[in-house]
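Notes follow the structure.
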Amino acid sequence: MPTVTTQPRAIVRHVMWTIAPDQEPNAEPMTYALQCVTCSEKSERSEDWGEPQGWGLAHSGRHPSHNSYREEITRPWRTWMKPQPGDRS
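Just so we're aligned, residue 1 is where the sequence shown starts under the UniProt record's numbering, counting upward by one.
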């Protein structure tokens, strides 16, 4: 039977990771929406907080007993490996 020699396909090491809101230029935008707690109807998602807020005021105007809302914020996050002592740049 022939001898097969293989090279490592991956090198694994333990590293510390960090996570934070993604503020890179190509990050997805943060978006906002409101959901009525009474009937579960939702506003459209928007990058401008004023649009869901206007929807909530109009919704309460049409349904005076609907006066509780949930705010939904979608914020992009990013992870990266923390530099380790001795890492090359």
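C-beta: ideal position from N, C-alpha, C; glycine also.
Following the continuous beta strand (DSSP E) through R62, name the residue where it begins and the one where it ends.
-> Here residue 62 is taken as the residue at index 62 of the sequence shown, counted from 1. Not the beta strand (DSSP E): R62 falls in the alpha helix (DSSP H), residues 50-62.
Please look up how many angstroms separate the CB atoms of P52 and S65, rounded, as I've assumed it's under 8 Å.
-> Looking up residue 52 in the sequence shown gives position 52. Looking up residue 65 in the sequence shown gives position 65. Between S65 and P52 the Cβ distance is about 20 Å, and since that is not below 8 Å, they are no contact.
Excluding sequence positions up to five away, which residues of its chain have a Cβ less than 8 Å from the Cβ of E24?
-> Within the sequence shown, numbered from 1, the residue matching residue 24 stands at position 24. Around E24: R78.
For A33, count neighbouring C-beta atoms within 10 Å of its own C-beta (all shown protein chains included) and say buried if the count is 16 or more, exposed if not.
-> The residue given as residue 33 occupies position 33 in the sequence shown. Burial call: buried.
Cβ atoms of M81 and V15: under 8 Å apart, would you say?
-> The residue you call residue 15 lines up with position 15 of the sequence shown. The residue you call residue 81 lines up with position 81 of the sequence shown. Going by C-beta atoms, V15 is nearer than 8 Å to M81.
Please go through the same chain and pick out, in chain order, the residues whose beta-carbon is closer than 6 Å to the beta-carbon of P76, but skip the five residues on each side of it.
-> Residue mapping note: residue 76 aligns to position 76 of the sequence shown, counting from 1. For P76, where only same-chain residues beyond five positions count, the Cβ hits under 6 Å are D22, A27, E28.
For S46, I'd like the list of residues in its chain whose CB is within less than 8 Å of its CB, leaving aside the five on either flank, ordered along the chain.
-> Here residue 46 refers to the residue found at position 46 of the sequence shown. So the list reads T31, Y32, A33, P52, once near-sequence residues are dropped.
Answer with buried or exposed for G50, where buried requires no fewer than 16 other C-beta atoms within 10 angstroms of its C-beta.
-> Residue mapping note: residue 50 aligns to position 50 of the sequence shown, counting from 1. With fewer than 16 other Cβ atoms within 10 Å, it is exposed.
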